[in-house]
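Let me begin by presenting the structure, written as structure tokens, before commenting on it.
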């Protein structure tokens, strides 16, 4: 088995580009994602069509711009011009302030402010709508108080009878990168498994060295484990690089035990690599193996594991598939360890599932492999 | 004639491997399903743990209101408020609400407070969920206030600003409409770049490239012979994906098909050029795969396919201009959802054209050099 591992290692060394990619991967992914993934919506571009041009409409505009959530990009003479801007993608919404708003408000009437919203990016649009409702609600209350004051009424602000004291645990600043980094560790290991091991067996077969192996007295299990060991080492190094990059560049630190995280990573790596090997024994050609690996592991790991999109929201079938993906369970380990600082008493369950998955996958590999030998 | 024979040869090789054909069909379908059904950032059935120390009619009403709002599920009830954090730790709830003793009487006096603990480790869901819950509780408070002042209705009237939102292009705010057209670009990129980059390397590895080279084929014929079959496979994929987008997901098509196809063609050229370029700089299939992958990944992440570009930091936004998929996504989303025309989209189309010319030319030049 050791000899097999050494042989595989020589293969890896002979192809320095793959090794370089494998080692650069965690770094590159963290940089792009850590900086790029930001779901906090700020600086939403909008245009204003002020048909009133009064004190009240100016204060409404000021109020929107001051919050930092919205950025005024244009003032348009009519709604149609605003719509054109929106179609060009220059702004996300157009705020149309009706004529006589100030007068109507002073007269104590209700005023309808119209908003044209670009709904094509539904997620951003609904966030924008929620922000806007909040901002206008606050402004509305202020105007109301002012108007009542002008009318000589009681200006005592109506304070809400029920308030909520909120405390955000684990990630008080609500930074996206805090939950992106532990998720990326999962993605990196999945990619590694998909890219590195999926090709190993097929490659030997394509090159005709498989027969040589088959003729040797080495056992199937020994060959497979020997093939896995070097990649396990690379994988662990990758986790190390990811943890360091996260800490040094993004200041995302492991709240729990790093040893536990590495240990769990090892179990998950076994799953990911074994799955790659399994693909490798099934696929007839390298090209097929690679494509299959990308489609069947990488995309589900990003889309279905709960990394970005909550599993709760998916239809039943996808929820079931999500439970069958090792990445889902590994994510249930990395995030709590990283952010909540919990230990084995909390993460034993997903860890056990991962260990079982690893055993099943390895057994399948050995079985397939033995048949081919 | 010679070109035809070569194309026929490539097709035969492609067909001979059933599994490759299966992959070429399955890949787009899997991607469409994942993006169509999994990419939903909205909040649904978020587990909430409740610790009700008051056990009054008012507190029960508040909890029932939260449970029936449609966004939350009361997943656990704690008897001691100290247990709430443990529930969050174990991930059994993402939000925890503590209603303190004396809630009912304080609420009727108009000064009640409840405590909300939020598991912010998934900052995204947590933020939206906490926002919703906050809104619900505030509404509840407003209703209690309304009940209290019903005897004095004067307090509620007065000037007010109503927000009338009209959502254009996607009135029901379906995120599917935005995500699914993007798959068309991604599928093209994955399939075309992958097939093209590997086909040349594969022949080199198998040693058949030399055989082809000693035939009287000219380099450009050889190159076209490699490119045309994959362009056709990609076109077939494109048609499948387009049909699924329109017929299954029912994404509305507002703009012109001609414009869409023009953009598709330009984008296809950029993918072919990239694939060719990769094939000439790689010796083994694995190298080619790794290199392709390193091009694909930034394309997925930085093109605006998954994450909005306007949220990225300035320097990262600049790099997105180097990614052809970015322009294609803007075009297909605008054409399909907004019905935009050449008037609005010419900068994107020009960029696509420039990339197409540049990449194909570079690919061809490099391919020629490799052959000689």
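Chains as they are written, first to last, in this note's numbering: chain A, 270 to 642; chain B, 7 to 378.
Where a beta carbon is used, it is the ideal one built from N, C-alpha and C, also for glycine.
Secondary structure of residue i, DSSP reduced to three states
{"i": "residue 163/B", "result": "Residue placement at residue 163/B is poorly supported in this model, since its pLDDT is 46, which falls under 50; the coordinates are not used for a value here."}
{"i": "residue 187/B", "result": "helix"}
{"i": "residue 180/B", "result": "coil"}
{"i": "residue 577/A", "result": "coil"}
{"i": "residue 260/B", "result": "coil"}
{"i": "residue 128/B", "result": "coil"}
{"i": "residue 157/B", "result": "A caution first: residue 157/B carries a pLDDT of 44, below 50, which makes its placement in the model unreliable, though a value can still be read off. Coil."}
{"i": "residue 100/B", "result": "coil"}
{"i": "residue 426/A", "result": "Interpretation of residue 426/A is limited by its pLDDT of 47, a score under 50 that renders its predicted location unreliable; the figure taken from the coordinates is listed afterwards. If DSSP states are grouped into helix, strand and coil, residue 426/A belongs with coil."}
{"i": "residue 236/B", "result": "helix"}
{"i": "residue 296/A", "result": "helix"}
{"i": "residue 117/B", "result": "coil"}
{"i": "residue 288/B", "result": "coil"}
{"i": "residue 328/B", "result": "coil"}
{"i": "residue 82/B", "result": "strand"}
{"i": "residue 311/B", "result": "coil"}
{"i": "residue 360/B", "result": "helix"}
{"i": "residue 434/A", "result": "strand"}
{"i": "residue 61/B", "result": "coil"}
{"i": "residue 173/B", "result": "strand"}
{"i": "residue 271/A", "result": "helix"}
Closer than 7 Å at the beta carbon, the chain A residues around residue i
{"i": "residue 131/B", "result": "579"}
{"i": "residue 184/B", "result": "389, 390, 391"}
{"i": "residue 344/B", "result": "356, 389"}
{"i": "residue 334/B", "result": "Chain A residues near residue 334/B: none, gap ~14 Å exceeds 7 Å."}
{"i": "residue 51/B", "result": "581"}
{"i": "residue 339/B", "result": "389"}
Segment limits, alpha helix (DSSP H) that includes residue i
{"i": "residue 593/A", "result": "585-593"}
{"i": "residue 221/B", "result": "Where residue 221/B is concerned, there is no enclosing alpha helix (DSSP H), given that its DSSP letter is neither H nor E."}
{"i": "residue 342/A", "result": "Where residue 342/A is concerned, there is no enclosing alpha helix (DSSP H), although the beta strand (DSSP E) it sits in stretches over 339-344."}
{"i": "residue 49/B", "result": "Where residue 49/B is concerned, there is no enclosing alpha helix (DSSP H), given that its DSSP letter is neither H nor E."}
{"i": "residue 562/A", "result": "555-562"}
{"i": "residue 545/A", "result": "527-551"}
{"i": "residue 571/A", "result": "568-572"}
{"i": "residue 255/B", "result": "Looking at the DSSP string, residue 255/B is not in any alpha helix (DSSP H), and its letter there is neither H nor E."}
{"i": "residue 626/A", "result": "613-641"}
Beta-carbon proximity check, residue i vs residue j, cutoff 8 Å
{"i": "residue 296/B", "j": "residue 286/A", "result": "yes"}
{"i": "residue 403/B", "j": "residue 80/B", "result": "Nothing can be reported for residue 403/B: it is not among the residues displayed for chain B, which extend from 7 to 378."}
{"i": "residue 195/B", "j": "residue 244/B", "result": "no"}
{"i": "residue 284/B", "j": "residue 269/B", "result": "no"}
{"i": "residue 475/A", "j": "residue 555/A", "result": "yes"}
{"i": "residue 110/B", "j": "residue 60/B", "result": "yes"}
{"i": "residue 380/A", "j": "residue 368/A", "result": "no"}
{"i": "residue 505/A", "j": "residue 534/A", "result": "yes"}
{"i": "residue 184/B", "j": "residue 397/A", "result": "no"}
{"i": "residue 440/A", "j": "residue 136/B", "result": "no"}
{"i": "residue 190/B", "j": "residue 139/B", "result": "no"}
{"i": "residue 348/A", "j": "residue 334/A", "result": "no"}
{"i": "residue 373/B", "j": "residue 225/B", "result": "yes"}
{"i": "residue 507/A", "j": "residue 586/A", "result": "no"}
{"i": "residue 199/B", "j": "residue 232/B", "result": "no"}
{"i": "residue 612/A", "j": "residue 526/A", "result": "yes"}
Where residue i meets chain B, residues with beta-carbon distance less than 9 Å
{"i": "residue 564/A", "result": "29, 32, 33, 36, 37, 196"}
{"i": "residue 486/A", "result": "Those within 9 Å of residue 486/A in chain B number zero; the least Cβ separation is about 28 Å."}
Residue i, enclosing beta strand (DSSP E) - first and last residue
{"i": "residue 75/B", "result": "First-last for residue 75/B: undefined, no H or E at that position."}
{"i": "residue 58/B", "result": "52-58"}
{"i": "residue 386/A", "result": "379-387"}
{"i": "residue 313/A", "result": "313-319"}
{"i": "residue 521/A", "result": "No beta strand (DSSP E) contains residue 521/A, which DSSP labels as neither H nor E."}
Residues that residue i contacts on chain B, provided the C-beta gap is smaller than 7 Å
{"i": "residue 347/A", "result": "Per Cβ cutoff of 7 Å: no residues; residue 347/A is ~15 Å from chain B at best."}
{"i": "residue 595/A", "result": "Correct list: empty, because the minimum Cβ distance to chain B is about 17 Å."}
{"i": "residue 439/A", "result": "125, 126, 127"}
{"i": "residue 609/A", "result": "95, 127"}
Within chain A, partners of residue i - CB distance below 9 Å
{"i": "residue 23/B", "result": "553, 554, 556, 557"}
{"i": "residue 177/B", "result": "388"}
Residue i: contacting residues in chain A (beta-carbon distance under 8 Å)
{"i": "residue 137/B", "result": "399"}
Heavy atom of the ligand FMN within 7 Å of residue i beta-carbon
{"i": "residue 484/A", "result": "As for the ligand FMN, it is missing from this structure, which has no ligand bound."}
Runs of alpha helix (DSSP H) wholly within the segment 453-518 of chain A (minimum 4 residues, chain order): 469-476, 479-484
Listed from N- to C-terminal order along the chain, which residues in the segment 546-562 of chain A have their beta-carbon within a distance smaller than 8 Å of any beta-carbon of chain D? Going by chain labels, chain D is absent from the structure shown, which instead holds the protein chains A and B.
In chain order, which continuous runs of the alpha helix (DSSP H) of length 4 or greater are located wholly inside the segment 349-383 of chain A? 370-375
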